[in-house]
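Peer 1: Respectively, the protein sequence lines represent chains Z and X. In this text, residue positions in the first sequence follow this note's numbering: the first is -8, and each later residue adds one. In this text, residue positions in the second sequence follow this note's numbering: the first is -8, and each later residue adds one. Every residue, glycine too, gets a C-beta built ideally from N, C-alpha and C.
2 protein chains.
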Amino acid sequence: MSKKERTAIQPTREENYAEWYQQVIKAADLAENSDVRGCMVIKPWGYAIWENIQHSLDEMFRETGHRNAYFPIFIPKSFFEKEAEHVEGFAKECAVVTHSRLEHDERGGLKAAGELTEPYIVRPTSETIIGSSFAKWVNSYRDLPLKINQWANIVRWEMRTRLFLRTTEFLWQEGHTVHETREEAMEETLTMLDVYAHFAHEYLAIPVIKGEKTEGEKFPGAVNTYCIEAMMQDKKALQSGTSHFLGQNFAKASNIRFQNREGEFDFAWTTSWGVSTRLIGALIMAHSDDNGLVLPPRIAPAHVAIIPIYRSEEEKAAVMGLAKQIEESLKHQHFDGIRIYTELDDRELTSSERNWYWIKKGIPLRIEIGPRDVASQSVMLARRDQEPRDKQSVPVADLIATILKVLPEIQTNLYEKALRFRDENIVKIDSREEFYAFFTPQNAAQPEIHGGFASSHWCGNEACEEKIKDDLKVTIRCIPFDAKAEEGACICCGKASTRRVFFAKSY
Amino acid sequence: MSKKERTAIQPTREENYAEWYQQVIKAADLAENSDVRGCMVIKPWGYAIWENIQHSLDEMFRETGHRNAYFPIFIPKSFFEKEAEHVEGFAKECAVVTHSRLEHDERGGLKAAGELTEPYIVRPTSETIIGSSFAKWVNSYRDLPLKINQWANIVRWEMRTRLFLRTTEFLWQEGHTVHETREEAMEETLTMLDVYAHFAHEYLAIPVIKGEKTEGEKFPGAVNTYCIEAMMQDKKALQSGTSHFLGQNFAKASNIRFQNREGEFDFAWTTSWGVSTRLIGALIMAHSDDNGLVLPPRIAPAHVAIIPIYRSEEEKAAVMGLAKQIEESLKHQHFDGIRIYTELDDRELTSSERNWYWIKKGIPLRIEIGPRDVASQSVMLARRDQEPRDKQSVPVADLIATILKVLPEIQTNLYEKALRFRDENIVKIDSREEFYAFFTPQNAAQPEIHGGFASSHWCGNEACEEKIKDDLKVTIRCIPFDAKAEEGACICCGKASTRRVFFAKSY
């Protein structure tokens, strides 16, 4: 195999998907494991993607009437214990603060001292601590709805971690709202799920399925959990966002009561919803290829890499002149309301090295400028959604217009490609044998790779759900909102079922 | 005393400054104490101020070549111990994570379980954990400079807390940079101090004094600490930002070595610098008055409150029509590059109640619109930097132009007022008796209120610094950059001194 035919990422997706994922992250310099168990370091290019996610979502939250606030990172153990299901769900994986200082020990080292009378939990989610504030803020129906969002770091003591997908510490946003009625709270829960789905489609270029979680899969303490589920390139599902209707469970636990319009005191209805740095994992696995990261333009930290190529000082003057002129002319350009950022890469590396550097980082467009281009007043334009060697010559006079046209095109292409891939890998399955075969690895070297999403009947019984999970490590990803009423037989026990659900392996 | 003459904030600054501060925060709904010891809840209006601080600073950091990243919240105890002075400085006030889960105890409650082999410290600052990443990232002089910033939450176990000024958890940014030479690192340290001073002047409208901390007051582990110091209305100093030249101390502790231009391995030179939610405390105390918060327009979450006044439905239609027209016409307006945000307050409250609500929240401008104003096509405009009852009639046709002119005027006025106040309260003192009198409370009821900043000679001896601290609770705030060489006698011991320093009580 010649060097040129080697892909930039080794191994390829085909060869070893899990390792390919790690290598894409490394090649794009997005993040790395830290010296702290299960915690990651998010490097500048990865963090800039998170900032873009924050920026876009934050605007949508504001437009839907939410305000940002900040609550304590610590949750007293007694608060945490207030909601029984909730504490059971998180107790096994939480960081516990027990001491408030370090003291010299006998051997000259330091030991924990100043033991707390009540341990604190580093927040694994904030329903209980935010609830204690809400209980003070809410007195009358006039104080409702109360719609708050928090951007924060979260700690869940995960045993098996993977960059972005599952880490002990991660970054997220958590919305917490309080309402007068069940209906209003339910409407809020579903509105925010729509916001997430819209964001995934329009910004991340990831098609998602909206649906409801089963009893067994819902958030500890929630009445209903709704989710958006995306398909990755290994055909596994990735839960990309959840929105919880909490009923009056947490209002009762935190004593969030209000005087209603009849003058009586009643418990409020609450919701919570969140997405996290996990979305960056989804982004990587939805679009990247064997040459590295592929970024949808609307979420990319930078959009255009300009690569000047010259040998002599004379060539340099001419080439850099044009390069800077193009950089300058792009400075105040926007596409789809998003400002275009440019990287002029004048490092002392070959043009091939610089091209590959930006290909691996997923920048949507590359512009090469050499002495001949200066003479002809044209440049070579390459798109990340096409082959590395595919380049088109564009007259400098048309460049801005071309870029403004191509960036939204790339965005659309990536979405459509991901949609095609997903739809090709959703299969209606009605026989148990076929179902088991579908989820049996097709390649012994990559036991993770299997059939895709199965759209199959389920009787609604938790025992069937459990059996399939035990046998195949396959779970019900969701009961889709758009499931049609349809008579059928449960894929597991054969009993009557009225609609299909989505089964898949998942992250 | 008639109700009208009462100020909106009780007590006044004159009556009880410390309590006035708490009441301003409460009346503006900026933050509150939480149920977690020493931790605050930052409420939406307060958090929006922090977001504006972040936004403005972030742009300045980017323009000076820094990139944001994110590092783990936990610091293994062994990392923390690597720099001896550093650990001594923070050991007495740190949250220690010792367990990784909760387990049911005999009485049905929960107890900490899964003891860690090595305790983790919740970051009180991140030099050591970021240093461990930098050690991997830096190999050659070609990797330098490395200029990183992190926005994060920080925990220091404070015994006596006060909202924004001193809390167990707070929000901040911490810049961490690595350089090839001492000179470059020193230049970075001072550049970032300039950025902070510029930000304080231009956005917070707070004049600050730039200078260097004494040995006794510097950051644990730093070679030099530089600071900006501001004067609050009780004439105490508030350290508003610090920038540390760390020399090779942390590079040695974290083993940040690089191959220099001569091909030899050498330890790098590092810096760190930070500002925190403490700046909101500075903002409150620099400008607010006995009617509540006063916000400089460039940092205010909203700039104009529109207060429609009507009785009948007919009046309502006309008044709300004009109110919405004005709201709409302000929507895309900017002053000094800052977008103008408007709050149309149509709540069922009297116009007086709504006016006072926004006065207490510190909104720079209020517009009242009644039926007569609709008829005359003019509105009443009130400025937060003038008396509540001072209003001017402005024709609707001139309103935008007036607002665009007045907002920068308010910004300038606030700065100049704070500057005058500070300069009036900086006193050159050369006699020890006068010095002691200056720092002796003038009002027994308010022992905190004293003379101001003393510009006095100091011999450079730590013993004198300590004695003054013990006697008066007064510290050397800084050795100002613009101190002139001047012969004098130490205010404490009388020995020869070559320049004045600033002494003050401080937060």
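Could you tell me whether the Cβ atoms of H167 (chain X) and A176 (chain X) are closer together than 7 Å?
Peer 2: no
Peer 1: Below 8 Å on the Cβ atoms is my contact criterion, and I expect P63 (chain Z) with E23 (chain X) to pass it. Report the Cβ-Cβ distance as a whole number of Å.
Peer 2: Going by Cβ atoms, the distance from P63 (chain Z) to E23 (chain X) rounds to 11 Å, so no, they are not a contact pair.
Peer 1: Using a cut-off of 9 Å between C-beta atoms, extract the partners of Y132 (chain Z) located in chain X.
Peer 2: Those do not exist, as Y132 (chain Z) stays about 14 Å from chain X at its closest Cβ, beyond 9 Å.
Peer 1: What does L162 (chain Z) reach in chain X if we use C-beta pairs closer than 8 Å?
Peer 2: Y61
Peer 1: What does the Cβ neighbour count give for F210 (chain Z), buried or exposed, with the cut at 16 atoms within 10 Å?
Peer 2: buried
Peer 1: Does DSSP put R269 (chain Z) in a helix, a strand or coil?
Peer 2: helix
Peer 1: How many angstroms separate the CA atom of N251 (chain Z) from the CA atom of L286 (chain Z)?
Peer 2: 49 Å
Peer 1: In the structure shown, what three-state DSSP assignment does P115 (chain Z) receive?
Peer 2: coil
Peer 1: Please report the straight-line C-alpha distance between T158 (chain Z) and D327 (chain X), rounded to a whole angstrom.
Peer 2: 42 Å
Peer 1: Determine the DSSP secondary structure at S(-7) (chain Z), reduced to helix, strand or coil.
Peer 2: Unreliable positioning characterises S(-7) (chain Z) in this predicted model, as indicated by a pLDDT of 44, which lies under 50. A coordinate reading is not provided.
Peer 1: By alpha-carbon positions, which one of X:E76, X:D134, X:T89 ends up nearest to Y111 (chain Z)?
Peer 2: The residue among X:E76, X:D134, X:T89 with its C-alpha nearest the C-alpha of Y111 (chain Z) is X:T89.
Peer 1: To the nearest whole angstrom, what separates the beta carbons of M150 (chain Z) and W264 (chain Z), a pair I think is in contact under 8 Å?
Peer 2: Contact doesn't hold; Cβ gap of about 26 Å is too wide.
Peer 1: As an exercise, report each continuous alpha helix (DSSP H) stretch of at least 4 residues that is fully enclosed by the region 224 to 285 of chain X, in chain order.
Peer 2: 240 to 245, 269 to 278
Peer 1: So which residues on chain Z does R92 (chain X) lean against when the C-beta distance must stay under 7 Å?
Peer 2: A82, K83, E84, C85, W148
Peer 1: On the premise that A495 (chain X) lies in contact with A103 (chain X), defined as a C-beta separation below 8 Å, what is that separation, rounded to the nearest angstrom?
Peer 2: Incorrect: roughly 44 Å between the Cβ atoms, too far for contact.
Peer 1: Counting along the chain, where does the alpha helix (DSSP H) carrying M177 (chain X) start and finish?
Peer 2: 173 to 193
Peer 1: Threshold first: 3 residues or longer. Then list the beta strand (DSSP E) segments lying entirely within the region 71 to 123 of chain Z, N to C.
Peer 2: Taking only runs of at least 3 residues, the beta strand (DSSP E) segments lying wholly in the region 71 to 123 of chain Z are 87 to 95, 101 to 113.
Peer 1: Helix or strand or just coil, what does DSSP make of E208 (chain X)?
Peer 2: helix
Peer 1: For the alpha helix (DSSP H) that T403 (chain X) lies in, which residues bound it at each end?
Peer 2: 390 to 415
Peer 1: Specify the secondary structure class of N346 (chain X) as computed by DSSP and reduced to three states.
Peer 2: helix
Peer 1: With 7 Å as the threshold, decide whether the Cβ of S(-7) (chain Z) is near any Cβ in chain X.
Peer 2: At S(-7) (chain Z) the pLDDT is 44, less than 50, meaning the model places this residue with poor confidence; the figure from the coordinates comes in the next sentence. The beta carbon of S(-7) (chain Z) sits no closer than 7 Å to any beta carbon of chain X.
Peer 1: Closer than 6 Å to a non-hydrogen atom of the ligand GTP - does that hold for the CB of T341 (chain Z)?
Peer 2: Inclusion of the ligand GTP in the displayed structure is not the case, the ligand content being empty and no account of it being possible.
Peer 1: By Cβ distance, which residues of its chain are closer than 6 Å to M(-8) (chain Z), with the 5 residues on each side in sequence left out?
Peer 2: With a pLDDT of 38 at M(-8) (chain Z), under the threshold of 50, the predicted position of this residue should be treated as unreliable, and no value is reported.
Peer 1: Who are the neighbours of R58 (chain X) on chain Z, taking C-beta pairs under 7 Å?
Peer 2: Those are P35, listed as they occur along chain Z.
Peer 1: Between which two residues does the beta strand (DSSP E) harbouring F430 (chain X) extend?
Peer 2: Looking at the DSSP string, F430 (chain X) is not in any beta strand (DSSP E), and its letter there is neither H nor E.
Peer 1: Could you name the residues of the same chain whose beta carbon sits closer than 8 Å to that of L274 (chain Z), not counting the 5 residues immediately before and after it, in chain order?
Peer 2: I40, L195, I197, L286, P287, I290
Peer 1: Would you please verify whether the beta carbon of A499 (chain Z) is less than 7 Å from any beta carbon of chain X?
Peer 2: Outside the shown range of chain Z (-8 to 498) lies residue 499 (chain Z), about which nothing can therefore be said.
Peer 1: For chain B, check one thing: does any of its Cβ atoms lie closer than 7 Å to the Cβ of N246 (chain Z)?
Peer 2: Any reference to chain B falls outside this structure, whose protein chains are Z and X.
Peer 1: Please list the partners that T89 (chain X) has in chain Z, where partner means a Cβ-to-Cβ separation under 7 Å.
Peer 2: V87, T89, H90, A103
Peer 1: Helix, strand or coil for S25 (chain X)? Go by DSSP, reduced to three states.
Peer 2: coil
Peer 1: Can you list, in chain order, the residues of its chain whose CB lies under 8 Å from that of D381 (chain X), leaving out five sequence neighbours each side?
Peer 2: A373, R374
Peer 1: Among X:R468, X:V385, X:K138, X:S447, whose alpha-carbon lies nearest the alpha-carbon of C481 (chain X)?
Peer 2: X:S447
Peer 1: Which residues in chain X have a C-beta closer than 7 Å to the C-beta of Y38 (chain Z)? List them in chain order.
Peer 2: Listed by position along chain X, the residues whose Cβ is nearer than 7 Å to that of Y38 (chain Z) are N59, A60, Y61.
Peer 1: Suppose you measure from the CA of V387 (chain Z) to the CA of V370 (chain Z); what does that come to, to the nearest Å?
Peer 2: 6 Å
Peer 1: By how many angstroms is the C-alpha of P379 (chain Z) removed from the C-alpha of K17 (chain X)?
Peer 2: 59 Å
Peer 1: Relative to the C-alpha of I358 (chain Z), which residue among Z:S47, Z:I391, Z:T268, Z:I329 is closest?
Peer 2: The residue with the shortest Cα to Cα distance from I358 (chain Z) is Z:I391.
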